[in-house]
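Engineer:
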Amino acid sequence: MTTVTNATSNTAAAAATAGSSGTLGADSLAGTQDRFLKLLVAQLRNQDPLNPLQNSEVTSQLAQLSTVTGINKLSDLVSGLSSSFAEAQSLQAASVIGHGVLAPGNAISLTQGNAVAAVNLPQAVDQLTITIRDASGAVVHTAELGPQSGGLVKFQWDGVGDNGSAAPDGAYTYAATAAAAGKPVSDLTPLAYGVVNSVTLGAQGAQLNVNGLGAVSLSQVNQIL
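Here numbering that gives the first Met the number 0 is used: the sequence shown runs in plain steps of one and ends on residue 224.
1. Beta strand (DSSP E) containing Asp125: first to last residue?
2. Using the Cα positions of Val152 and Gly201, report the straight-line distance between them to the nearest angstrom.
3. How far does the beta strand (DSSP E) with Ser216 in it reach, from first residue to last?
4. Between Ile223 and Val100, which are expected to be in contact by the criterion C-beta below 8 Å, what is the C-beta distance as a whole number of angstroms?
5. From the DSSP output, in three-state form, read off Val195 for me.
6. Which first and last residues belong to the beta strand (DSSP E) in which His140 is found?
7. Using 8 Å as the Cβ pair cut-off and three pairs as the minimum, do the region 186-203 and the region 104-111 touch?
8. According to DSSP, what are the bridge partners of Gln155?
9. So, helix, strand or coil for Ala92, using DSSP?
10. Can you have a look at Ile131 and say buried or exposed, based on whether 16 or more other CB atoms are within 10 angstroms of its CB?
11. Let's see if you can read the secondary structure: which residues bound the beta strand (DSSP E) around Ala180?
12. For Phe154, which residues in the same chain have their Cβ closer than 8 Å to its Cβ, ignoring the five residues on either side in sequence?
13. Using 8 Å as the cut-off, can you tell me whether the region 207-219 makes contact with the region 154-163, which would need three or more C-beta pairs spanning the two stretches below that distance?
14. Give every residue of the same chain whose Cβ lies closer than 6 Å to the Cβ of Ser197, excluding the five residues on either side of it in the sequence, and list them in chain order.
15. Expressed to the nearest angstrom, what Euclidean distance is found between the alpha-carbon atoms of Val138 and Thr172?
16. Check the C-beta distance from Ala177 over to Val124 and give it rounded, since I have them as a contact under 8 Å.
17. Which of the three DSSP states, helix, strand or coil, is assigned to Ser108?
18. To the nearest angstrom, how far is the alpha carbon of Ala180 from that of Gln203?
19. If we ignore side chains and look at the alpha-carbon of each, how far apart do Gln63 and Ala41 end up?
20. Pull up the CB-CB distance for Ala134 and Ala170, whole angstroms please, since I reckon it's below 8 Å.
21. Report the three-state DSSP secondary structure of Val100 (helix, strand or coil).
22. Helix, strand or coil, according to DSSP, for Leu38 in the structure here?
23. According to DSSP, which residues form a beta bridge with Thr188?
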């Protein structure tokens with residue numbers, strides 16, 4: 000009589016190993032299940048009558064196969080969800096082309112006497128001050144915006160400098176400082192404004208190509224205007 004006691008505890012493992020080089024597809028998974036059943040039948044036919052296969056051993060092997068099957072089905076599900084999420088993100092990103100967005104940055108662009116930017120405040124403040132500088136670093140305009148509640152504070156600049164003359168169109172930068180109860184408030188987040196020209200899809204997800212700001216990920220957008 001042929002005894003196969005060495006294979007008794009390894010039937011499911013052997014069947015699973017046959018497809019362990021990567022995620023099993025539907026055909027490969029079906030083949031693994033077929034091999035498992037053939038090995039199990041061979042065990043039952045050739046088991047030692049003095050040491051028969053126990054129910055617990057059969058149950059354990061079936062559980063191993065079920066685990067392998069479940070993992071591969073879960074992997075397929077996650078891959079499908081990931082693909083769907085990427086497609087949804089692409090559609091969402093494409094819908095903002097032509098819209099203005101606010102994203103982290105201290106750039107402010109003056110066009111035809113109008114410039115827009117914003118500051119994200121971590122708390123309510125008694126005073127918010129905006130200082131605008133030109134490309135050489137010289138202060139062009141300082142604005143006192145007074146008390147502000149916490150959150151997003153948008154502001155506009157008409158291009159008129161502190162000297163009363165109109166500043167030329169172009170790229171400027173700004174800094175925001177705030178105080179509450181006589182103490183400086185830190186963790187201010189300056190936000191720059193730009194119009195989305197196009198969207199680039201890559202390995203890191205959707206990237207918005209924003210005029211004046213360059214590449215901005217969708218997750219960095221604070222507000223769509």
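All C-beta atoms, glycine included, are put in the ideal place defined by N, C-alpha and C.
Structural biologist: By the coordinates alone:
1. Val124 to Arg132
2. 32 Å
3. Note, Ser216: beta strand (DSSP E), Gly213 to Ser216.
4. 5 Å
5. strand
6. Val138 to Gln147
7. yes
8. Partner(s): Val115.
9. helix
10. buried
11. Counting along the chain, Ala180 falls outside any beta strand (DSSP E), and DSSP gives it neither H nor E.
12. These residues qualify, in order along the chain: Val115, Ala116, Ala117, Val118, Ile129, Ala142 and Leu144.
13. no
14. Asn208
15. 10 Å
16. 4 Å
17. In the three-state DSSP reduction, Ser108 falls in the strand class (E or B).
18. Distance between the alpha carbons of Ala180 and Gln203 is about 43 Å.
19. 18 Å
20. Between Ala170 and Ala134 the Cβ distance is about 7 Å, and since that is below 8 Å, they are a contact.
21. strand
22. helix
23. Asn119
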